[in-house]
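Q:
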Amino acid sequence: MSKAINKIILKKKIQRTRRLILILTIILLGLIGIKVVRYTTSVNQRLKNVVLPNTKMEEISVGGMERNKLESIIGKKVQRLTRKKVAFLLADRKQLFTYGEMNVTYSSKQIVDDIFRNQQSTHIWNGISEELEAEIGIRDTRYHLKPVIDEKKIKQFIEKNFKQYNTSPTNASFTSFNNTSQPTLVKSKPGKKIDVNQLQKDIITAIRQDKSEIRVPYLDVQPKIGTEDVQKINTDQVMSEYKTSLDGRNENVRENIAQAAKQLDGLIILPKESFSFNQIVGVTDQKHGYKNAAIIMNNKLVQAAGGGVCQVSSTLYNAVLSANLDIIYRVNHSQRVSYVPMGFDATVADNGPDFKFKNSSTTPIYMRAILENNQFIVRIYGEPLHETVHLYAKNTKQTDSTITVSTYRDIQDNNQNVIKSEQIATSTYHIK
Numbered sequence: 001m002s003k004a005i006n007k008i009i010l011k012k013k014i015q016r017t018r019r020l021i022l023i024l025t026i027i028l029l030g031l032i033g034i035k036v037v038r039y040t041t042s043v044n045q046r047l048k049n050v051v052l053p054n055t056k057m058e059e060i061s062v063g064g065m066e067r068n069k070l071e072s073i074i075g076k077k078v079q080r081l082t083r084k085k086v087a088f089l090l091a092d093r094k095q096l097f098t099y100g101e102m103n104v105t106y107s108s109k110q111i112v113d114d115i116f117r118n119q120q121s122t123h124i125w126n127g128i129s130e131e132l133e134a135e136i137g138i139r140d141t142r143y144h145l146k147p148v149i150d151e152k153k154i155k156q157f158i159e160k161n162f163k164q165y166n167t168s169p170t171n172a173s174f175t176s177f178n179n180t181s182q183p184t185l186v187k188s189k190p191g192k193k194i195d196v197n198q199l200q201k202d203i204i205t206a207i208r209q210d211k212s213e214i215r216v217p218y219l220d221v222q223p224k225i226g227t228e229d230v231q232k233i234n235t236d237q238v239m240s241e242y243k244t245s246l247d248g249r250n251e252n253v254r255e256n257i258a259q260a261a262k263q264l265d266g267l268i269i270l271p272k273e274s275f276s277f278n279q280i281v282g283v284t285d286q287k288h289g290y291k292n293a294a295i296i297m298n299n300k301l302v303q304a305a306g307g308g309v310c311q312v313s314s315t316l317y318n319a320v321l322s323a324n325l326d327i328i329y330r331v332n333h334s335q336r337v338s339y340v341p342m343g344f345d346a347t348v349a350d351n352g353p354d355f356k357f358k359n360s361s362t363t364p365i366y367m368r369a370i371l372e373n374n375q376f377i378v379r380i381y382g383e384p385l386h387e388t389v390h391l392y393a394k395n396t397k398q399t400d401s402t403i404t405v406s407t408y409r410d411i412q413d414n415n416q417n418v419i420k421s422e423q424i425a426t427s428t429y430h431i432k
């Protein structure tokens with residue numbers, strides 16, 4: 001009886017002991033688990049702010065650095081990189097520019113974020129293995145700063161620093177021309193300009209490949225008027241000539257005429273090319289050297305800068321008509337003028353009326369605009385005219401205050417037969 005009881009008691013003791021051991025084991029495992037979780041959490045938290053061992057940025061070992069220290073180290077490295085110089089080899093010199101001057105930058109924040117993002121894992125336990133692998137050398141990580149290249153800013157850098165090395169082409173022209181000798185031909189010469197698009201590509205390639213020299217590419221710029229164009233002009237052949245008198249013109253008017261004439265004298269106009277008086281002569285105000293003299297404004301005579309310039313445009317208009325060239329645009333004065341008949345004047349003004357024509361001949365034309373023997377003269381040289389040009393005007397309407405005339409141009413053959421007749425313009429003038 002007692003043996004059976006003892007067995008029961010012993011069995012219960014064993015069960016209690018087992019339960020106690022199980023409870024203690026569970027408690028111990030729980031404590032260990034809590035410790036492991038806390039350690040794992042601390043490791044993962046540390047990896048958010050401290051760089052793993054065996055990590056390098058460029059040649060710099062950054063393992064163990066906190067984020068602030070890492071940002072400072074990378075910032076200093078970026079400063080050194082942006083001070084790196086590249087030699088640009090031009091035709092006759094060498095220019096040095098830094099990466100910073102070329103607007104090349106480095107994303108230091110991006111690389112810091114990459115370092116910390118790559119050493120963190122989405123799994124809670126991987127942080128420990130990452131740290132362990134780094135400490136024993138299995139995990140060996142390298143990072144490199146990559147240049148950030150803005151193509152638009154590279155082009156702006158080129159425009160700012162290399163435009164000065166462009167050379168303009170020289171048009172062919174004539175010099176030393178007078179009535180008794182042949183003119184001297186000045187040959188054309190091509191210019192050069194930086195090939196901006198190619199240089200932009202070369203700069204980007206040099207930065208990516210860490211090159212220290214770039215040979216600057218050039219493009220040839222051909223002149224608008226080549227030597228061969230000028231050689232086609234027959235300087236013995238006056239296509240047309242028109243003269244207006246300078247009698248009674250005061251000193252200011254004469255100076256204004258002379259200044260405007262300088263802009264026209266020696267001008268070469270290619271076939272099919274259009275001419276604009278205002279574009280060639282430019283602004284005729286006091287700032288540009290023109291004197292006050294009488295002009296017609298709002299049907300009244302007033303004093304203003306540039307008085308007399310319309311005599312230049314009107315004389316040119318008649319020479320162009322006589323050369324049988326096409327008139328594009330012309331406006332008459334509001335009152336008749338003394339230096340040309342009605343219907344044969346051409347008024348011009350800054351930001352106002354212009355005189356335009358086109359070289360409708362098959363060869364370039366050459367223009368002379370000179371003051372000579374108390375006259376203003378425009379001569380046009382070019383291909384010989386095989387027909388005769390006859391210009392005339394007819395009064396078509398008259399009232400008490402106005403008169404209207406129509407201007408015509410007849411082209412006659414050698415037998416004076418009219419082979420072409422055209423109305424050039426209709427002009428109305430105030431007479432009171």
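If you read the sequence shown in full-length UniProt numbering, its first letter stands for residue 1, the second for the next number, and so on. Backbone N, C-alpha and C fix where the C-beta goes; we use that ideal spot for every residue, glycine too. The model shown is predicted, which means the values in this text are computed figures rather than measured ones.
(1) Taking the alpha-carbon positions, what's the Arg-254 to Leu-96 distance?
(2) Just the C-alpha distance for His-333 and Thr-347, rounded to the nearest angstrom, thanks.
(3) According to DSSP, which residues form a beta bridge with Val-302?
(4) Nearest to Asp-410 by CA position, among Pro-53, Leu-219 and Ile-419, is which residue?
(5) Comparing alpha-carbon positions, which option in Lys-300, Lys-12, Val-283 and Asp-247 lies nearest Gly-352?
(6) Can you say whether Ile-9 is buried or exposed, counting buried as having 16 or more other CB atoms within 10 angstroms of its CB?
(7) Could you tell me the distance, in whole angstroms, from the CA atom of Lys-160 to the CA atom of Ile-268?
(8) Buried or exposed, going by whether 16 or more other CB atoms sit within 10 Å of the CB of Val-13?
(9) Could you pull out every residue in the same chain whose Cβ sits closer than 8 Å to the Cβ of Gln-303, ignoring the five residues on either side in sequence?
(10) According to DSSP, what are the bridge partners of Pro-147?
(11) If contact is defined by three or more beta carbon pairs under 8 Å, each pair taking one atom from either stretch, is the segment 158-172 in contact with the segment 66-75?
(12) Which whole-angstrom value is the C-beta distance of Asp-413 and Glu-383, which I expect to be below 8 Å?
(13) For His-144 and Glu-58, which I take to be in contact (beta-carbon distance under 8 Å), what is that distance rounded to the nearest angstrom?
(14) Nearest by alpha-carbon distance to Lys-187: which of Gln-200, Lys-201 and Ala-172 is it?
(15) Quick one: using the 10 Å Cβ neighbour count with 16 as the cut-off for buried, is Asp-220 buried or exposed?
(16) Assuming Asn-374 contacts Asp-265 under a Cβ cut-off of 8 Å, what Cβ separation, rounded to an integer in Å, is found between them?
(17) Check each candidate in Ala-319, Asn-118, Ala-305 and Lys-155 and name the one with the smallest Cα separation from Met-102.
A: Reading it off the structure:
(1) The residue given as residue 254 occupies position 254 in the sequence shown. The residue given as residue 96 occupies position 96 in the sequence shown. When rounded, the distance between both Cα atoms is 53 Å.
(2) Position 333 of the sequence shown holds residue 333. Position 347 of the sequence shown holds residue 347. Answer to the nearest angstrom: the Cα atoms are 6 Å apart.
(3) The residue you call residue 302 lines up with position 302 of the sequence shown. According to DSSP, Val-302 bridges with Ile-295.
(4) Along the sequence shown, read from residue 1 onward, the residue named residue 410 stands at position 410. Asp-410 has its Cα closest to that of Ile-419, out of Pro-53, Leu-219 and Ile-419.
(5) Along the sequence shown, read from residue 1 onward, the residue named residue 352 stands at position 352. For the set Lys-300, Lys-12, Val-283 and Asp-247, the Cα lying nearest the Cα of Gly-352 is the one of Val-283.
(6) Working through the sequence shown from its first residue, we reach residue 9 at position 9. By the neighbour-count rule (16 or more Cβ atoms within 10 Å), Ile-9 is not buried but exposed.
(7) Your numbering for residue 160 matches position 160 in the sequence shown. Your numbering for residue 268 matches position 268 in the sequence shown. The alpha-carbon atoms of Lys-160 and Ile-268 are separated by roughly 33 Å.
(8) Residue 13 sits at position 13 when you count from the first residue of the sequence shown. Checking the sequence shown, residue 13 turns out to be Lys, not Val. Classification for Lys-13: exposed.
(9) If you number the sequence shown from 1, residue 303 lands on position 303. Taken in chain order, the residues that qualify are Asn-292, Ala-293, Ala-294 and Ile-295.
(10) As a first step, residue 147 must be located in the sequence shown, where it is residue number 147. Note: Pro-147 sits in a beta bridge opposite Tyr-106.
(11) Too few Cβ pairs lie closer than 8 Å, so no.
(12) Position 413 of the sequence shown, counted from the start, is the residue given in the question as residue 413. Position 383 of the sequence shown, counted from the start, is the residue given in the question as residue 383. About 17 Å separates the two Cβ atoms, so there is no contact after all.
(13) Against the sequence shown, residue 144 aligns to sequence position 144. Against the sequence shown, residue 58 aligns to sequence position 58. At roughly 6 Å, the Cβ-Cβ gap stays under 8 Å, so His-144 and Glu-58 are in contact.
(14) As a working mapping, residue 187 is identified with position 187 in the sequence shown. Ranking Gln-200, Lys-201 and Ala-172 by CA distance to the CA of Lys-187 puts Ala-172 first.
(15) For the purposes of this step, residue 220 is identified with residue 220 of the sequence shown, where counting begins at 1. Answer is exposed; the Cβ neighbour count stays below 16.
(16) By one-based count along the sequence shown, residue 374 stands at place 374. By one-based count along the sequence shown, residue 265 stands at place 265. Their Cβ separation, rounded to whole angstroms, is 18 Å, which puts Asn-374 and Asp-265 out of contact at 8 Å.
(17) Your numbering for residue 102 matches position 102 in the sequence shown. The shortest Cα separation from Met-102 among Ala-319, Asn-118, Ala-305 and Lys-155 belongs to Lys-155.
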